[in-house]
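**Student:** Dropping a structure here in structure tokens format, bear with me for questions.
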Amino acid sequence: MSFAFEASAVTREVLRIISGIHIKEIVTSSLHPHNLNSIVKIMLDCPERPKGHKFSIDRIDRDSVNLSKDICLTSGGADSTIAWFKEGGPTGLYVDLGQPYTRKERGALVSIGIPHVYVDLSEYGFTSKMWKHIIPGRNLLFLTIAAELVSDFGTIHFAVTSGEGYYSLKGDKSREFIENFKEWYKFTTGKTVIVKTMHRKTKGQWLKYFMQQGCDIDIIRYKTVTCFEVDGKGNTQCGRCQACLRKFLSFMYNNIDISQDYAVPPMIGCQDFVTKYMTVLPTALEMKDFSHYSKERCIEDIAAIKKAQQLYSNI
Ligand SMILES: [Zn+2]
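Pasting the structure below:
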């Protein structure tokens, strides 16, 4: 009898360690590396072990793994970068799941100067079954790893803005998901973690806030990366994906036209999304149905699209 086996994060970590025994001297892990190392030590202590074979499991980053009070999930995108500045520059966390855009995201973190713990889970094949641009389960993994890195009652900064489903009762950015995660983690480890989101403001409002704080808007404009595409021509922002459109709209809402920063201006490259937004957002407002888009997001995106349309009709 055979059945499909979906490996859990823990199973995948074990698989990575086992493959590391053959090809590496040291494998880093965030999942209680000290205990894992004891297991490995005992496990490999056998007469068949080749002479000179060395292997150990290390913490992912010696300096930053002293449990911090704060850790910020950083992706190199606009929202998490604003969160990082807002919180006074806590340690960042970047988990590499082997996404095609990993290199640009890490490049953004380096160019902005966000010190971060890097966790490499790229060998696990998480990207083999993506749901459009979504890697199912990623936020559970991110929050768990972050929780392992903060002290008891420490805070995880998780940049979910208004309009991304915080109040939608579903998905891995919802309040229900976050509350259930905290409860489960507490039951499992005895540790309390605080998860701080950004759901009180929309992307555009956060951008405004960032400017009002006297921060340099060019950091967000030129250095952050939210685009899902990789084109190999050096363009970091395609102008054709929803993430590009959303960044563009948040700037447009603040009367800044950044269309020239994209390979194709988003109002052209994302025409289908724009048409969709201009149908679903006014309907949501009319029906007062904010289960998918928050009221503020509907208002903001409609206003931003109208501003952009006006701008282009004047040219
Ligand atoms: Zn894009």
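Okay, so the sequence shown: first residue is 29 according to the numbering used here, each after it adds one. Glycine included, every Cβ here is placed at the ideal spot set by N, Cα and C. Every value quoted in this text rests on a predicted model; they were computed, and no experiment measured them.
At the level of alpha carbons, what is the spacing between GLY242 and ILE327?
**Tutor:** 26 Å
**Student:** How do the stretch 188-202 and the stretch 158-177 stand: do at least 3 beta-carbon pairs fall below 8 Å, yes or no?
**Tutor:** Touching, yes.
**Student:** If you draw a straight line from the C-alpha of PRO118 to the C-alpha of SER278, how long is it?
**Tutor:** 25 Å
**Student:** So for ILE99, helix, strand or coil by DSSP?
**Tutor:** strand
**Student:** If you run the structure through DSSP and keep just helix, strand and coil, what is LEU64?
**Tutor:** helix
**Student:** Name the DSSP bridge partner or partners of LEU121?
**Tutor:** LEU101, VAL145
**Student:** Between the Cα of TYR290 and those of GLU53, ALA271, PHE301, THR303, spot the shortest distance and give me the residue it belongs to.
**Tutor:** Closest in alpha carbon position to TYR290, among GLU53, ALA271, PHE301, THR303, is ALA271.
**Student:** Counting C-beta neighbours from all protein chains within 10 Å, is the total for GLN338 16 or more, i.e. buried, or is it exposed?
**Tutor:** exposed
**Student:** Quick check: what's the CA-CA separation for PHE181 versus PRO75?
**Tutor:** 46 Å
**Student:** DSSP three-state call for ILE51: helix, strand or coil?
**Tutor:** helix
**Student:** Skipping 5 residues on each side, what residues in its chain have a beta carbon closer than 6 Å to that of GLU151?
**Tutor:** Once the five neighbours on either side are set aside, the close Cβ partners of GLU151 are ARG44.
**Student:** For HIS62, count the other beta carbons within 10 Å of its own beta carbon; 16 or more makes it buried, fewer makes it exposed. Which is it?
**Tutor:** exposed
**Student:** Can the beta-carbon of VAL253 be found closer than 8 Å to that of ALA136?
**Tutor:** The Cβ atoms of VAL253 and ALA136 sit closer than 8 Å to each other.
**Student:** Is there contact here, the stretch 106-116 with the stretch 71-85, by at least three beta-carbon pairs under 8 Å?
**Tutor:** no
**Student:** Go to SER84, then tell me how far its beta strand (DSSP E) extends in each direction, as first and last residue.
**Tutor:** 84-87
**Student:** Since TYR281 contacts ALA332 with CB under 8 Å, what's their CB separation in whole angstroms?
**Tutor:** 4 Å
**Student:** Following a CB-centred definition, is ARG249 positioned closer than 7 Å to any heavy atom of ligand 1?
**Tutor:** For ligand 1, not one heavy atom lies less than 7 Å from the Cβ of ARG249.
**Student:** Using the beta-carbon of each residue, find all residues closer than 5 Å to any heavy atom of ligand 1 and list them in chain order.
**Tutor:** CYS255, GLU257, CYS266, CYS269, CYS272
**Student:** CA-CA distance, GLY153 and TYR340?
**Tutor:** 43 Å
**Student:** Alpha carbon to alpha carbon, how far is ILE330 from ILE163?
**Tutor:** 28 Å
**Student:** State buried or exposed for VAL138, treating a residue as buried only when at least 16 other CB atoms are found within 10 Å of its CB.
**Tutor:** exposed
**Student:** If I follow the unbroken beta strand (DSSP E) through GLY182, where does it start and stop?
**Tutor:** 178-189
**Student:** List, from N- to C-terminal side, the alpha helix (DSSP H) runs of 4 residues or more that fit wholly inside the stretch 194-234.
**Tutor:** The stretch 194-234 contains these whole alpha helix (DSSP H) runs: 203-217.
**Student:** Classify VAL38 as buried or exposed, calling it buried when 16 or more other Cβ atoms lie within 10 Å of its own Cβ.
**Tutor:** exposed
**Student:** Would you mind working out which of GLU53, VAL55, ILE49, HIS60 sits nearest MET71, comparing C-alpha positions?
**Tutor:** ILE49
**Student:** So, helix, strand or coil for ILE8, using DSSP?
**Tutor:** The question about residue 8 has no answer, for the chain in this structure spans 29 to 343.
**Student:** Looking at SER22: is its Cβ nearer than 8 Å to the Cβ of SER58?
**Tutor:** This structure gives no information on residue 22, because the portion of the chain shown stretches from 29 to 343.
**Student:** Restricting to Cα atoms, I'd like to know which of VAL55, GLU257, CYS100 is closest to LYS160.
**Tutor:** GLU257
**Student:** Alpha carbons only, please: which of THR155, ILE248, PRO143 is nearest the one belonging to SER129?
**Tutor:** Sequence check: residue 129 is Tyr here, not Ser. With distances taken between Cα atoms, TYR129 lies closest to THR155.
**Student:** Once you ignore the five residues that flank ASP246 on each side, which residues in its own chain have a CB closer than 8 Å to its CB?
**Tutor:** none
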